Amino acid sequence: MNKAKFITFEGIDGAGKSTHLTWFAETLRKRGNEVLVTREPGGTPVGENLRDILLNQTMHAETEALLMFAARLEHIEQVIKPALQRGIWVVSDRFSDASFAYQGGGRGMNVAKLEQLECWVHENFQPDLTLLFDLPVEVARQRLSKNITLDRFEQEKDSFFEKVRQAYLERRKKHPDRFVLINAAQSPEQVKVNLEKVILSLS
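Quick note: the sequence shown uses my numbering, first residue 729, plus one each step.
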């Protein structure tokens, strides 16, 4: 394969992206690539501490966005960019598209403010590829119902996730060159078939 790439997995809670991310990364490794798997919020000691706060404590939507981007700045500078510079592929469970979907769409935050944060934290730096796992909210809800404990995002109402889903789809329209839509309502086997096609396209 060619030079190291930064690949992100996005989608509403319950879309199954985290499960397939592990398989995707391992498949890249089998093709001879060194791969770093990471997540947002998180990925660094500071980020993981902020993740605990963000997933468990109620706060103003703009505070939430600021903390997300603070964790992201650490993530980019301490983990993502150094890995890419060493020729290591980076596969991340969420990145800035999640802020536009959750804080912008779900919370109704002013998108212009999110764009300012994005420009401040990572101007001219975006994923090479973003896999958007899309499925109806009711299907995602059924999957989440199997979890014993839910964080405060997962506990949100269906109306919240409908807005998040639509914001993701709008984000895809705005950046069609780097987004690949994955039908996450399909069986895990069929999703893997689609992901294999994506991997082949990277070679």
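All C-beta atoms, glycine included, are put in the ideal place defined by N, C-alpha and C. It should be emphasised that the depicted structure is a prediction, and the values quoted were computed from it without experimental measurement.
Please state whether DSSP places residue i in a helix, a strand or coil.
i	result
residue 792	helix
residue 814	coil
residue 738	strand
residue 861	strand
residue 907	strand
residue 766	strand
residue 915	coil
residue 780	helix
residue 856	coil
residue 886	helix
residue 825	helix
Is the distance from the Cβ of residue i to the Cβ of residue j below 9 Å?
i	j	result
residue 913	residue 745	no
residue 749	residue 819	yes
residue 761	residue 817	yes
residue 896	residue 790	no
Closest to residue i by C-alpha separation, out of the options, would be which residue?
i	options	result
residue 899	842, 883 and 806	842
residue 823	838, 859, 810 and 886	859
residue 706	786, 877 and 803	A question about residue 706 goes unanswered here, because the residues of the chain that appear run from 729 up to 931.
residue 919	862, 891 and 779	862
residue 775	742, 917 and 805	805
Just the C-alpha distance for residue i and residue j, rounded to the nearest angstrom, thanks.
i	j	result
residue 875	residue 885	16 Å
residue 834	residue 894	9 Å
residue 929	residue 923	10 Å
residue 758	residue 751	11 Å
residue 787	residue 793	10 Å
So residue i and residue j are in contact, right, with Cβ under 8 Å, and what is the actual spacing, rounded?
i	j	result
residue 736	residue 855	4 Å
residue 778	residue 811	No, residue 778 and residue 811 are not in contact; Cβ-Cβ is about 20 Å, not under 8 Å.
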